[in-house]
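Note sheet for the following structure.
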Amino acid sequence: MLLTKADKWLIAALLAASAGGIGLNLALLSPAGAQEAQIYRDGTLVQTIKLRAGYREELRLGGTERYNLVVADDGRVRIAAADCPDQLCVRTGWVSAAPQQIVCLPYRVVIKVVSTAPPDVDDITK
Amino acid sequence: MTDTRRLIILGLFVAAAGVLHAVEAWLPLPVPVPGVKLGLANIVSLVVIELYGWRPALAVAVARVVLGSLLGGAFLGPSFALGLTGAAASTLAMAYAHARWRPALSLVGVSVLGAAVHNLAQIAVAALLVASAAIFWYLPYLVLFALPTGLATGLTAAYFLARLPRVG
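Chains as they are written, first to last, in this note's numbering: chain A, -7 to 118; chain B, 317 to 484.
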């Protein structure tokens, strides 16, 4: 086998680090409680949309070109359409629990789901 | 080896890496995470580091990103910035690991490290581009994905070098 001992340690360390990160990611998911979607463009907060059952709101960012169509519906939010080249933001689909997010890198748009109820982990994450 | 011969061989490596870079942009990956790529062009970086050292490897990597983004029509866009930073950072990290830890760490280990550094650098640029540190939440998923791809590219480079006829 081509792998040396140091290779295996490196792989094990990276595996442990990513598993830990994913675990932390999942542990911080807070589907319960009131939530809202914060929509950022170029790093500035454009709008917040409430995420709750039965409530629908649409928001179009950009003009006829370079646009993202944001749809919040029934406690979830997604980018329903965009004319960016990679379509990663559209393919991300619905997100509904903090700290999930949708990113559109070409147009510098970030949609963050945040919990409006004060979470007890705030001191750690800040 | 003469300078002309070296220039020609490095030029061929740039062409090969540029094609790999462009082709992998066409491959759809079933993961909706920005920045996830196979990193096929890293094979060329590893080979050039092994054969010629870090300076030619860095030059080939930068030339590859410029060429690849021109072929893909993304020159000077956000993905160009990501690609350039990722390629430069991972090539330098791999060259350093290759020079310092080579006998203990095999070419495959160097490759895995390079793939992880590639993701780290890209995430950092992406966070700057959208001005949001929340992007770093993607990092564990990217690193997890970098392990198999780094292994694959490292093994490919190792097999390529083992079968390369020693001329010049």
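All C-beta atoms, glycine included, are put in the ideal place defined by N, C-alpha and C.
In this text, all values refer to a predicted model and were calculated from it rather than measured experimentally.
In whole angstroms, give me the CA-to-CA distance for Cys76(A) and Leu460(B). 27 Å
Just mark Ile94(A) as buried or exposed, buried being the case when its beta carbon has 16 or more other beta carbons within 10 Å. buried
In the DSSP assignment, find the beta strand (DSSP E) that holds Ile71(A) and state where it starts and stops. 68 to 74
Would you list, in chain order, the members of the segment 18 to 41 of chain A that have their beta-carbon closer than 7 Å to a beta-carbon of chain B? Tyr32, Asp34, Gly35
Quick one: using the 10 Å Cβ neighbour count with 16 as the cut-off for buried, is Gly85(A) buried or exposed? exposed
Say whether chain A places a C-beta atom closer than 9 Å to the C-beta of Tyr457(B). yes
Among residues of its own chain, excluding the 5 on either side of Asn60(A), which ones have a beta-carbon nearer than 7 Å to its beta-carbon? Leu53, Gly54, Ile71, Ala74, Cys81, Cys96, Tyr99, Val101
For Tyr368(B) and Thr(-4)(A), I'd like the C-alpha separation in whole angstroms. 23 Å
Tell me which same chain residues have a C-beta within less than 6 Å of the C-beta of Ala462(B), skipping the five on either side of it? Ala431, Ala432, Asn435
Just the Cα atoms here: how many angstroms apart are Ala447(B) and Leu398(B)? 14 Å
Please check if any C-beta of chain A sits within less than 9 Å of the C-beta of Ile451(B). yes
Just mark Val426(B) as buried or exposed, buried being the case when its beta carbon has 16 or more other beta carbons within 10 Å. buried
Among Leu467(B), Pro481(B), Ala338(B), which has the Cα closest to the Cα of Leu6(A)? Leu467(B)
Using a C-beta cutoff of 9 Å, does Arg100(A) count as contacting chain B? yes
Look at Ala(-2)(A) and Leu362(B) and say whether their C-beta atoms are less than 9 Å apart. no
I'd like to check one pair, Pro456(B) with Ile3(A): are the Cβ atoms closer than 9 Å? no
Closest by CA to Asn17(A), which one among Ala29(A), Gln92(A), Gln27(A)? Gln92(A)
Near the ligand GDP: Leu326(B) beta-carbon under 8 Å from a heavy atom: Inclusion of the ligand GDP in the displayed structure is not the case, the ligand content being empty and no account of it being possible.
Classify Gly327(B) as buried or exposed, calling it buried when 16 or more other Cβ atoms lie within 10 Å of its own Cβ. exposed
With a floor of 3 residues, list each beta strand (DSSP E) that falls wholly inside the segment -3 to 65 of chain A, ordered by position along the chain. 27 to 33, 36 to 43, 48 to 53, 60 to 65
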